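J.:
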Amino acid sequence: MTAPFQSIARKCSLPPRVSPTGSDTVPVDGKPKEVPVCAMEEYALRPFFYDYCITPVNSSFSRGFLGGLESIVHRQGLQSQVAKACKAVACASHAITLNRPFLTRKAEGLYQELLNALAEAIRDPKL
């Protein structure tokens, strides 16, 4: 018997990158040291689901907005194309609002992977 699906949606807790009081220098940016590399995938998805997905309270009245997306990612896995698309959007949007260049680089890398997958799918219609 499988456990019921639990949402991982959470507000982004990464602080904005700002210069310390009385300084004009912005600190070097990078992945938070306290977050293990293996957890980065899930941590990138949490704010995406929190910010962009609205699960309907009553599905007979509304479908919500991207309400089933989190369960699709859960079923297909963190390395699926749909998960990569969600992570790319989350990283890009938080890179801007939090002044985090490492998130921009992560979003660009995911975007490139998705473009490569799209090119391969177009090249081989059997996929």
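Read left to right, the sequence shown gives residues 1 to 127 (the UniProt record's numbering).
Just so you know, even glycine gets a beta-carbon here, dropped at the ideal spot from N, CA and C.
These numbers were taken from a predicted model, which means no experiment stands behind them.
1) Excluding the 5 residues flanking L103 on each side, which residues of the same chain have their C-beta closer than 7 Å to its C-beta?
2) Span of the alpha helix (DSSP H) holding T104?
3) Taking the alpha-carbon of S7 as reference, which of D29, E70, L66 and R123 has the nearest alpha-carbon?
4) Reducing DSSP to helix, strand and coil, say where F48 ends up.
5) Can you give me the C-alpha to C-alpha distance between K11 and A119, rounded to a whole angstrom?
6) Enumerate in chain order the residues of its own chain whose CB-to-CB distance from Y111 is below 7 Å, with the five nearest sequence positions on each side excluded.
7) On the DSSP bridge list, what partners appear for F65?
8) Report buried or exposed for E28, applying the criterion of at least 16 other Cβ atoms within 10 angstroms of its Cβ.
9) Helix, strand or coil for L98? Go by DSSP, reduced to three states.
10) Confirm, please, whether the CB-CB distance from A9 to Y43 is below 8 Å.
T.: Working from what's here:
1) Apart from the 5 residues on each side of it in sequence, L103 sits with its Cβ closer than 7 Å to the Cβ of C91, H94 and A95 in its chain, given in chain order.
2) Where T104 is concerned, the enclosing alpha helix (DSSP H) stretches over P101 to R123.
3) Looking at D29, E70, L66 and R123, the one whose alpha-carbon comes closest to that of S7 is E70.
4) In this structure, F48 counts as helix in the three-state DSSP scheme.
5) When rounded, the separation of the alpha-carbon atoms in K11 and A119 is 33 Å.
6) For Y111, same chain residues with a beta-carbon under 7 Å away, outside a window of 5 residues either side, are A88 in chain order.
7) According to DSSP, F65 bridges with I54.
8) According to the sequence displayed, residue 28 carries Val and not Glu. Classification for V28: exposed.
9) Three-state DSSP puts L98 in a helix.
10) Not in contact: Y43 and A9 (Cβ atoms no closer than 8 Å).
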